[in-house]
Amino acid sequence: FAPSQESTRSVLRVATEDELADRADSLVAQSATLIGQTAEYLADDDMATRLGAEQSLLAQAAASLRAADGLLAIVDADGGETTRSAGAGRPSAGFDDLLALIDGSLEEIGAQVEPEPEMTRGGANTTPADLIETADDAIRQVVAGVGTFARGTVASLVGLDPALLKQAAGMLGSELSQALTKLGENVTRLVSKAVAFIVQAYDSLLAALGQDAASALRVQAAEWVEKLQQGEALTELADALYQTDDMKLRVAALIEGSGAPGPVLGKTQSDVEALSPSFQSRIKLAGQIRAGLGLLKFIPAAKGPLELATGVLYLALLGYVVVAGADYVDAPRLARIGRVPGVLETIQTGLIPA
26 FAPSQESTRS
36 VLRVATEDEL
46 ADRADSLVAQ
56 SATLIGQTAE
66 YLADDDMATR
76 LGAEQSLLAQ
86 AAASLRAADG
96 LLAIVDADGG
106 ETTRSAGAGR
116 PSAGFDDLLA
126 LIDGSLEEIG
136 AQVEPEPEMT
146 RGGANTTPAD
156 LIETADDAIR
166 QVVAGVGTFA
176 RGTVASLVGL
186 DPALLKQAAG
196 MLGSELSQAL
206 TKLGENVTRL
216 VSKAVAFIVQ
226 AYDSLLAALG
236 QDAASALRVQ
246 AAEWVEKLQQ
256 GEALTELADA
266 LYQTDDMKLR
276 VAALIEGSGA
286 PGPVLGKTQS
296 DVEALSPSFQ
306 SRIKLAGQIR
316 AGLGLLKFIP
326 AAKGPLELAT
336 GVLYLALLGY
346 VVVAGADYVD
356 APRLARIGRV
366 PGVLETIQTG
376 LIPA
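Residue numbers 26 to 379, in this note's numbering, belong to the letters of the sequence shown in order.
Dropping the structure here:
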């Protein structure tokens, strides 16, 4: 199915609506297979492989949204029923992105992960006080990253009806396609294929999040929406979710009571310093998905169902970032993905003999 990029672009420039729709169907089917295959690597014993699988799923979600946007741009260029911003691209970029992911070897998925800071390097001598400060900084950076991302996501949700957001929160973890059954027959075939890519982006994100975490987020997301709508500060909300004050006290007590020598403290400090850049690499991909979502709010012929779908995707994305952050700070009472050791676990591993 996968021709060269040059030939693919050539075909897409002259393809009929039926040819594009058939190509989209084939891509959606292959991409669905890839989601299932990639998700199996999320439980791998090797952390790099787990993160590689997760990042592949996030990249696939972003590519699916770009493919959807490209199809909608063609509808607009042909005088169809959608209103798109000027300069929107054709679907070849999104299609090519998906083709590249599908053609990539799953055996190399661990190598596809964005390079993580080395967490086994040696460190200079340091003191308990310095390690405590480093741990506090790592926690603050994760909380700040979550707060910044949440702020941007909430800004994207401003135009959506509050009641719709509450409905969307209750749908987390369910099949999004069920919410789009009211599309009916009043949309073109290309619009329906764009919708299929939007649903697949959600499926990719749900796989990255994990079904257990997604289900747990249903109640939590509804509470977040209510608090954010009431004007609660995002950083304060993240602090409360992660119980950061309690976590900092636990970290300090562990370090001070360990009696570990300077070189061991230094190596552990290096490992803790690597956590924030690792988290930022996940935030970066989440930002690409959010950017794609920003193009998909208004499709007049199917505005209601697709606004609901957009709300679900935004909340799932926000939930992913919050839960990923919980991994890095070892939040004690929040649903977690459990794919990386957080601040507390890293310090325990570094200071306490096995």
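Glycine included, each C-beta is placed from N, C-alpha and C at the ideal position.
Because the structure is a prediction, the values reported are computed rather than measured.
Problem set entry | Test item: CB-CB of A368 and L300 under 8 Å | In the sequence under discussion, the amino acid at residue 368 is Val, which differs from the Ala named in the question. L300 sits close to V368, with the two beta carbons spaced by under 8 Å.
For this session: Tell me whether E44 is buried or exposed, calling it buried when 16 or more other Cβ atoms sit within 10 Å of its Cβ.
Result: exposed
For this session: Report the three-state DSSP secondary structure of V212 (helix, strand or coil).
Result: coil
For this session: For A78, I'd like the list of residues in its chain whose CB is within less than 6 Å of its CB, leaving aside the five on either flank, ordered along the chain.
Result: T63, Y66, L67 and I134
Exercise. So, are the CB atoms of A160 and G336 less than 8 Å apart?
Worked result: no
Exercise. What residue from A285, G344, R364 and L343 has the CA that sits closest to Q373's CA?
Worked result: A285
Exercise. What's the call for K292, buried or exposed, on a 16-neighbour Cβ count within 10 Å?
Worked result: K292 is classed as buried because its beta carbon has at least 16 other beta carbons within 10 Å across all chains shown.
For this session: Whole angstroms is fine: what's the gap from A154's alpha carbon to G235's?
Result: 37 Å
Exercise. What separation, rounded to the nearest whole angstrom, lies between the Cα atoms of G363 and D352?
Worked result: So the two alpha carbons sit approximately 6 Å from each other.
For this session: Count the other C-beta atoms from every protein chain shown that fall within 10 angstroms of the C-beta of V183, then say buried if there are 16 or more, exposed otherwise.
Result: exposed
Exercise. Sorted by chain position, which residues of the same chain lie with C-beta nearer than 6 Å to A221's C-beta, five sequence neighbours on each side aside?
Worked result: V53
Exercise. Nearest to A188 by alpha carbon, out of A46, L215 and E251?
Worked result: E251
For this session: Could you name each continuous beta strand (DSSP E) segment of 3 residues or more that falls completely within the region 163-232, going from the start of the chain to the end?
Result: none
Exercise. Can you tell me the Cα-Cα spacing of Q294 and T41, whole angstroms?
Worked result: 59 Å
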